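K.L.:
Every letter in the sequence shown is one number past the one before it in full-length UniProt numbering, and letter 44, counting from 1, is 44. Every residue, glycine too, gets a C-beta built ideally from N, C-alpha and C. From a predicted model like this one, the values you see are computed outputs, not experimental measurements.
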Amino acid sequence: MLSAMIVDDTEFTRNELRDLDIWGEKSGFSISAEACNGRDALRALQKQPVDLVITDIRMPVVDGISLTKTLLDEKLCKCVILMSQFSDFEYARKGIQSGAFEYLLKPIERDALLATLQKASAYISERNNELQKINYVDQVLKTQDHYPYEQFKILVKSIKEDGDSAAVAADIFEVIWLKTDSDLMKSIYYLNRVLQDVAKAVCAEFPWAKKLARPTAAGSINFSSIRGSGDLKAAFIGHIRAIKAFILKYELRGGDNGIIKTVCRYVLENIDAPMSLGFLSRKLFVSSSYLSFLFKKKTGINLIEYITTVKLERSKVLLEEGVLKNYEIADMAGFSMEYYSKLFKKTYAVSPNQYRKIAAGKI
1 MLSAMIVDDT
11 EFTRNELRDL
21 DIWGEKSGFS
31 ISAEACNGRD
41 ALRALQKQPV
51 DLVITDIRMP
61 VVDGISLTKT
71 LLDEKLCKCV
81 ILMSQFSDFE
91 YARKGIQSGA
101 FEYLLKPIER
111 DALLATLQKA
121 SAYISERNNE
131 LQKINYVDQV
141 LKTQDHYPYE
151 QFKILVKSIK
161 EDGDSAAVAA
171 DIFEVIWLKT
181 DSDLMKSIYY
191 LNRVLQDVAK
201 AVCAEFPWAK
211 KLARPTAAGS
221 INFSSIRGSG
231 DLKAAFIGHI
241 RAIKAFILKY
251 ELRGGDNGII
261 KTVCRYVLEN
271 IDAPMSLGFL
281 SRKLFVSSSY
291 LSFLFKKKTG
301 INLIEYITTV
311 KLERSKVLLE
321 EGVLKNYEIA
331 DMAGFSMEYY
341 SKLFKKTYAV
351 SPNQYRKIAA
361 GKI
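1. Smallest Cα separation from residue 116: which of 49, 127, 39 and 26?
2. By a C-beta neighbour count over all protein chains shown, 10 Å radius and 16 as the cutoff for buried, is residue 73 buried or exposed?
3. Taking DSSP's pairing of strands, which residues face residue 56 in a bridge?
4. Buried or exposed, going by whether 16 or more other CB atoms sit within 10 Å of the CB of residue 352?
5. I need the straight-line Cα distance from residue 288 to residue 277, nearest angstrom please.
6. Skipping 5 residues on each side, what residues in its chain have a beta carbon closer than 8 Å to that of residue 260?
7. Would you identify the three-state DSSP class for residue 225, choosing helix, strand or coil?
8. Which residues in the same chain as residue 361 place their Cβ atom closer than 7 Å to its Cβ, once the five residues preceding and following it in sequence are excluded?
9. How far does the alpha helix (DSSP H) with residue 41 in it reach, from first residue to last?
10. Confirm, please, whether the CB-CB distance from residue 307 to residue 319 is below 9 Å.
11. Cutting at 7 Å between CB atoms, please list the residues of its own chain near residue 35, excluding the five before and the five after it.
12. Indicate whether residue 82 and residue 57 have their beta-carbon atoms separated by less than 9 Å.
13. Report the three-state DSSP secondary structure of residue 5 (helix, strand or coil).
14. Tell me, to the nearest whole angstrom, how far the beta carbon of residue 108 is from that of residue 51; I am working on the premise that it is less than 8 Å.
15. For residue 218, count the other beta carbons within 10 Å of its own beta carbon; 16 or more makes it buried, fewer makes it exposed. Which is it?
16. Please report the straight-line C-alpha distance between residue 61 and residue 1, rounded to a whole angstrom.
17. Straight-line CA distance for residue 331 to residue 3?
18. Assuming residue 22 and residue 114 form a contact by the criterion Cβ under 8 Å, report the distance between their Cβ atoms to the nearest whole angstrom.
19. Quick one: what's got a C-beta closer than 7 Å to residue 112's C-beta in the same chain, skipping five residues either side?
20. Here's the rule: buried if 16 or more other CB atoms are within 10 angstroms of the residue's CB, otherwise exposed. What is residue 152?
21. Which residues share a DSSP beta bridge with residue 103?
22. Sorted by chain position, which residues of the same chain lie with C-beta nearer than 8 Å to residue 182's C-beta, five sequence neighbours on each side aside?
23. How about residue 28 and residue 118: do their beta carbons lie closer than 9 Å?
24. Can you tell me the Cα-Cα spacing of residue 357 and residue 311, whole angstroms?
25. Bridge partners for residue 34 per DSSP, in chain order?
26. Whole angstroms are fine: how far does the CA of residue 290 sit from the CA of residue 283?
27. So what does residue 29 bridge to, in DSSP terms?
28. From residue 345 to residue 354, what does the alpha carbon distance come to, in whole angstroms?
29. Which term fits residue 68, buried or exposed, when burial requires 16 or more other beta carbons within 10 angstroms of its beta carbon?
30. Mind checking whether residue 78 and residue 127 have CB atoms under 9 Å apart?
31. With distances taken between CB atoms, is the gap from residue 292 to residue 303 smaller than 9 Å?
32. In angstroms, rounded to a whole number, what distance separates the CA positions of residue 64 and residue 98?
33. Quick check: the Cα distance between residue 367 and residue 12, rounded to an integer number of angstroms?
34. Alpha carbon to alpha carbon, how far is residue 166 from residue 321?
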């Protein structure tokens, strides 16, 4: 049974979640701890880590975003689920960027939480399996004195963090070529081991890409095709590029739920950029009619309505900040000033100017 902690500054919410009939065999999790803020959660988890943390976004002392980043960076848990009000849109977007597994809207629905917990359980189990494999490989590699283990470990980690994977691959190649025996065949062997390490690391980070661990997907450098160091370098960089392409390919082909999750993530992370049904369908390589039908079926609202709602929520954040003028906010959202004002008032029953004053405490 996997362990879970609930973090929320409202006792009612903690009790409500704890009393649901989803814990145990149904979800794969049991509640082992609770905390009323991020600081208390950190202190408890530093003494006794858990598998999953379910945390509110807005909390005193340490908020859910900071908590998520610290927990994942320090490996105090394996998975974080964020809870938020829809008006916490900006926080939700930051939560995704900080590495949260999923976020749920309050009030939390039983079935939605259960489904998310079941997905989290499968994700953690898969990740545990991959980490066991990686740890085994690490132990083997540590026993090889002529293998620049620490350099490889650092550079392999950077594969996931650096946007230009080809440049990272070139750096790895240079370290290998300088640090290892100059024998070409031996260098090929070590490069292949690094490729497998990269594949396993990617699998641990992205469970839906587990096929990367298979030779047919991750690939390995062919001994017979290498003539010299230049060919070897090109082959290695090519394989890293292939891994990156493979990730992108399978991220968009994770089934219907994968498509919906990708759309929602893209809208949240690029809300200030122009977007439309046609643009998103082309980006996902599906027809506009299919994407529209699928989104409505899975979420209960149409895609344009979702985009519009997120844009309006974003505009509320900007109005609260009080830096930009109304027409600038409307322009960022892709609306004319007249349409934006009408839409805002229709949605929230107050005009943008009235909302700005309310947020500033002038009404």
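P.N.:
For this structure:
1. Taking the first residue of the sequence shown as position 1, residue 116 is located at position 116. It is 26 whose Cα lies nearest to the Cα of residue 116.
2. Here residue 73 corresponds to residue number 73 of the sequence shown, with the count starting at 1. Label assigned to residue 73: exposed.
3. Along the sequence shown, read from residue 1 onward, the residue named residue 56 stands at position 56. Answer is 83, bridged to residue 56.
4. By 1-based counting over the sequence shown, the position of residue 352 is 352. Classification for residue 352: buried.
5. Walking along the sequence shown from the start, residue 288 turns up at place 288. Walking along the sequence shown from the start, residue 277 turns up at place 277. Near 6 Å, if we compare the C-alpha coordinates of residue 277 and residue 288.
6. The residue given as residue 260 occupies position 260 in the sequence shown. 294, 295, 298 and 299.
7. For the purposes of this step, residue 225 is taken as the residue at position 225 of the sequence shown. For residue 225, the pLDDT reaches just 43, beneath the cut-off of 50, and the residue's location in the model is therefore unreliable, although a value from the coordinates is still provided. Look at residue 225 here: in three-state DSSP terms it is helix.
8. Within the sequence shown, residue 361 is the residue found at index 361, counting from 1. Excluding positions up to five away in sequence, the list is empty.
9. For the purposes of this step, residue 41 is identified with residue 41 of the sequence shown, where counting begins at 1. Where residue 41 is concerned, the enclosing alpha helix (DSSP H) stretches over 38 to 47.
10. If you number the sequence shown from 1, residue 319 lands on position 319. If you number the sequence shown from 1, residue 307 lands on position 307. It is not a contact, given that the beta carbons lie outside the stated cut-off.
11. Position 35 of the sequence shown, counted from the first residue, corresponds to residue 35. Within the same chain, residue 35 has close Cβ partners 5, 7, 41 and 44.
12. Indexing the sequence shown from 1 puts residue 82 at position 82. Indexing the sequence shown from 1 puts residue 57 at position 57. Yes; because the gap between Cβ atoms is below 9 Å, this pair is in contact.
13. Taking the first residue of the sequence shown as 1, we reach residue 5 at position 5. In this structure, residue 5 counts as strand in the three-state DSSP scheme.
14. Here residue 108 corresponds to residue number 108 of the sequence shown, with the count starting at 1. Here residue 51 corresponds to residue number 51 of the sequence shown, with the count starting at 1. So it is not a contact: roughly 19 Å between Cβ atoms.
15. The residue labelled residue 218 in the question sits at position 218 within the sequence shown. At residue 218 the pLDDT is 36, less than 50, meaning the model places this residue with poor confidence and gives no usable figure here.
16. Against the sequence shown, residue 61 aligns to sequence position 61. Against the sequence shown, residue 1 aligns to sequence position 1. Going by the C-alpha atoms only, they are around 31 Å apart.
17. Within the sequence shown, numbered from 1, the residue matching residue 331 stands at position 331. Within the sequence shown, numbered from 1, the residue matching residue 3 stands at position 3. Cα to Cα, the separation comes out at about 47 Å.
18. Here residue 22 refers to the residue found at position 22 of the sequence shown. Here residue 114 refers to the residue found at position 114 of the sequence shown. Correct: roughly 4 Å between the Cβ atoms.
19. As a working note, residue 112 is residue 112 in the sequence shown. The residues are 104.
20. Along the sequence shown, read from residue 1 onward, the residue named residue 152 stands at position 152. The predicted position of residue 152 is uncertain, since its pLDDT is 45 and thus under 50; a value taken from the coordinates is nonetheless stated next. Classification of residue 152: buried, given that the 10 Å Cβ count is 16 or more.
21. If you number the sequence shown from 1, residue 103 lands on position 103. Answer by DSSP bridge pairing, in chain order: 82.
22. Mapped onto the sequence shown, residue 182 falls at position 182. The predicted position of residue 182 is uncertain, since its pLDDT is 42 and thus under 50; a value taken from the coordinates is nonetheless stated next. No residues qualify anywhere along the chain.
23. Here residue 28 corresponds to residue number 28 of the sequence shown, with the count starting at 1. Here residue 118 corresponds to residue number 118 of the sequence shown, with the count starting at 1. Yes; because the gap between Cβ atoms is below 9 Å, this pair is in contact.
24. Position 357 of the sequence shown holds residue 357. Position 311 of the sequence shown holds residue 311. Those two C-alpha atoms are separated by around 20 Å.
25. As a first step, residue 34 is located in the sequence shown; it is residue number 34 there, counting from the start. Answer is 6.
26. Sequence index remark: in the sequence shown, residue 283 carries index 283 (1-based). Sequence index remark: in the sequence shown, residue 290 carries index 290 (1-based). Rounded to whole angstroms, residue 283 to residue 290 spans 13 Å at the Cα level.
27. Walking along the sequence shown from the start, residue 29 turns up at place 29. Residue 29 is bridged to 2.
28. Start at 1 with the first residue of the sequence shown, and residue 345 comes out as number 345. Start at 1 with the first residue of the sequence shown, and residue 354 comes out as number 354. Those two C-alpha atoms are separated by around 9 Å.
29. As a first step, residue 68 is located in the sequence shown; it is residue number 68 there, counting from the start. Flag for residue 68 reads buried.
30. Within the sequence shown, numbered from 1, the residue matching residue 78 stands at position 78. Within the sequence shown, numbered from 1, the residue matching residue 127 stands at position 127. Yes, the Cβ-Cβ distance between residue 78 and residue 127 is below 9 Å.
31. In the sequence shown, the residue the question calls residue 292 occupies position 292. In the sequence shown, the residue the question calls residue 303 occupies position 303. Yes. Within cutoff.
32. One-based indexing of the sequence shown puts residue 64 at position 64. One-based indexing of the sequence shown puts residue 98 at position 98. Answer to the nearest angstrom: the Cα atoms are 10 Å apart.
33. Residue 367 lies beyond the residue range present for the chain, which begins at 1 and ends at 363; the question has no answer from this structure.
34. Walking along the sequence shown from the start, residue 166 turns up at place 166. Walking along the sequence shown from the start, residue 321 turns up at place 321. The predicted model places residue 166 with a pLDDT of 44, which falls under 50 and marks its position as unreliable, so this point remains unresolved.
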